[in-house]
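Trainee: Structure below; questions to follow.
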Amino acid sequence: MSFARSAGLLSLWTLHACGAGPDSGAQEVAAAPALQSFVETIPGTDVSFSMVAIPGGTFRMGSPAAEAGRADDEGPAHEVAISPFWIGAHEVTWEEYEQWMFSLEKMRRQGEPTAADTAADAITRPTPPYTDMTFGMGRDGYPAICMTQLAARTYCEWLSAKTGRNYRLPTEAEWEYACRAGTTTAYSFGDDPARIGEFAWFSRNSDDQYQPVGQQPANPWGLHDMHGNVAEWVQDALTPYAPSPDGAPLVDPVVEPTQLYPRVVRGGSWQDPPKALRSAARMGSDPDWKMQDPQIPQSVWYHTDATFVGFRVVRAP
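Numbering-wise, my numbering comes out as the position in the sequence shown, counting from 1, plus 56.
Here it is in structure tokens:
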């Protein structure tokens, strides 16, 4: 596995990929400036969140056949090339998410809208939930939960309109690349599941509920809670992996959903055993996640029984 961790390495990787070497006669092209991590403040609020710059590179997606706890849908392991991007240091919190949920009411109270407010107001927002979607587990500093993938995607559209930046859900490949953070082991901290409690909230240390974001140590690339706390939506449908037929790395792959179920969540959660928190572990959404939804028809915005599902955002350059 190779990881391009700097602008210089990115330049070298690009030249080799294009066949340009010292004897090729080609002129070396200056590498694009490396992305820089930053803090985003949602306009018109005092709510902010940190975005971590992730370098481009290649990695082996999926798990080896001998990995303990492995499921069949994690293979075959295959090479993937990922372009640089930014990803949230934490899962989206209720403070962030509710800026969208209640944005129309907030804008009406604040008076004259800005151009960004007007653009963001054109984005659909969810109907009011029929119950407290925290289910008494905590709000301030805790990850937002129980949203459908549609709701998570629409939040990203709203955030893009508010900030003028391109926010979206991560692809499944981007998510695993960021979770691994240059590692090839079952977890970003190694292979030993007995150590999971040192790094993640899971079934045996979570006190049967989600926990505030960022309480556990970050992975080598500065990302918190990639293992555990809440499982995280990505863009993809849950399908078997399809490696490139010619053996070359797949470049920025994504499988856009064409049906409602199953769609992928990653990372495992506060209610899961260690094997579900492995970097390669996959989980698909299920109609049972709406089992207790009393609405007819059932809401497109909420998975009332998915108290273990949240998300984090990605920004494209």
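Yeah, the Cβ is synthetic: ideal placement off N, Cα and C, and Gly gets one too.
Going along the chain, which residues of its own chain have a beta-carbon closer than 7 angstroms to the beta-carbon of residue 273, five neighbours each way excluded?
Mentor: So the qualifying residues of the chain are 255.
Trainee: With DSSP run on the structure shown, which of helix, strand or coil describes residue 147?
Mentor: Residue 147 falls in the coil class under three-state DSSP.
Trainee: So residue 289 is in the beta strand (DSSP E); what residue range does that whole segment cover?
Mentor: Counting along the chain, the beta strand (DSSP E) containing residue 289 begins and ends at 287–293.
Trainee: Between the beta-carbon of residue 269 and the beta-carbon of residue 283, is there less than 8 angstroms?
Mentor: No, the Cβ-Cβ distance between residue 269 and residue 283 is not below 8 angstroms.
Trainee: Residue 229: buried (16+ other C-beta within 10 angstroms of its C-beta) or exposed?
Mentor: Answer is buried; the Cβ neighbour count reaches 16.
Trainee: Thinking residue 140 and residue 373 are a contact (beta carbons under 8 angstroms), I'd like their distance in whole angstroms, please.
Mentor: Yes, residue 140 and residue 373 are in contact; Cβ-Cβ is about 6 angstroms, under 8 angstroms.
Trainee: Could you have a look at residue 360 and say whether DSSP puts it in helix, strand or coil?
Mentor: Note: residue 360 maps to coil in three-state DSSP.
Trainee: What's the call for residue 239, buried or exposed, on a 16-neighbour Cβ count within 10 Å?
Mentor: Residue 239 comes out buried.
Trainee: Residue 277 to residue 234, Cα distance in whole Å?
Mentor: The alpha-carbon atoms of residue 277 and residue 234 are separated by roughly 7 angstroms.
Trainee: With DSSP collapsed to three states, give me the class of residue 365.
Mentor: Looking at residue 365 - three-state DSSP - the assignment turns out to be strand.
Trainee: For residue 215, which residues of its own chain have a beta-carbon under 6 angstroms away from its beta-carbon, when the five flanking residues on both sides are left out?
Mentor: So the list reads 223, once near-sequence residues are dropped.
Trainee: Give the straight-line distance between the Cα atoms of residue 145 and residue 289, rounded to the nearest whole angstrom.
Mentor: Approximately 15 angstroms, taken between the alpha carbons.
Trainee: Work out the CA separation of residue 345 and residue 258 for me, nearest whole Å.
Mentor: C-alpha separation (whole angstroms): 19 angstroms.
Trainee: Could you compute how far the alpha carbon of residue 164 sits from the alpha carbon of residue 156?
Mentor: Note on residue 164: pLDDT 41, under 50, position unreliable in the model; no value is reported.
Trainee: Straight-line CA distance for residue 356 to residue 137?
Mentor: Taking the straight line from one Cα to the other gives about 33 angstroms.
Trainee: Can you tell me whether residue 247 is buried or exposed, with buried defined as 16 or more other CB within 10 angstroms of its CB?
Mentor: That one is exposed.
Trainee: Could you give the distance in angstroms between the alpha-carbon of residue 161 and the alpha-carbon of residue 218?
Mentor: For residue 161, the pLDDT reaches just 46, beneath the cut-off of 50, and the residue's location in the model is therefore unreliable, although a value from the coordinates is still provided. Each residue's alpha carbon lies about 15 angstroms from the other.
Trainee: Which word fits residue 94, buried or exposed, when buried means at least 16 other C-beta atoms lie within 10 angstroms of its C-beta?
Mentor: With fewer than 16 other Cβ atoms within 10 Å, it is exposed.
Trainee: To the nearest angstrom, report how far apart residue 125 and residue 245 are at their CA atoms.
Mentor: Answer to the nearest angstrom: the Cα atoms are 16 angstroms apart.
Trainee: If we ignore side chains and look at the alpha-carbon of each, how far apart do residue 108 and residue 91 end up?
Mentor: Taking the straight line from one Cα to the other gives about 9 angstroms.
Trainee: Drop a sphere of 10 angstroms on the beta-carbon of residue 188, count the other beta-carbons inside from all chains shown, and report buried for 16 or more, exposed for fewer.
Mentor: Residue 188 should be labelled exposed.
Trainee: Among 294, 364, 358 and 312, which has the Cα closest to the Cα of residue 128?
Mentor: Ranking the options by Cα distance to residue 128, first place goes to 294.
Trainee: In angstroms with no decimal places, state the Cα-to-Cα distance between residue 236 and residue 205.
Mentor: Approximately 23 angstroms, taken between the alpha carbons.
Trainee: Straight-line CA distance for residue 104 to residue 297?
Mentor: Taking the straight line from one Cα to the other gives about 36 angstroms.
Trainee: Tell me whether residue 192 is buried or exposed, calling it buried when 16 or more other Cβ atoms sit within 10 Å of its Cβ.
Mentor: It is exposed - the Cβ of residue 192 has fewer than 16 other Cβ atoms within 10 Å.
Trainee: For residue 365 versus residue 287, is the C-beta distance shorter than 8 angstroms?
Mentor: Their beta carbons are under 8 angstroms apart, which means residue 365 touches residue 287 by this criterion.
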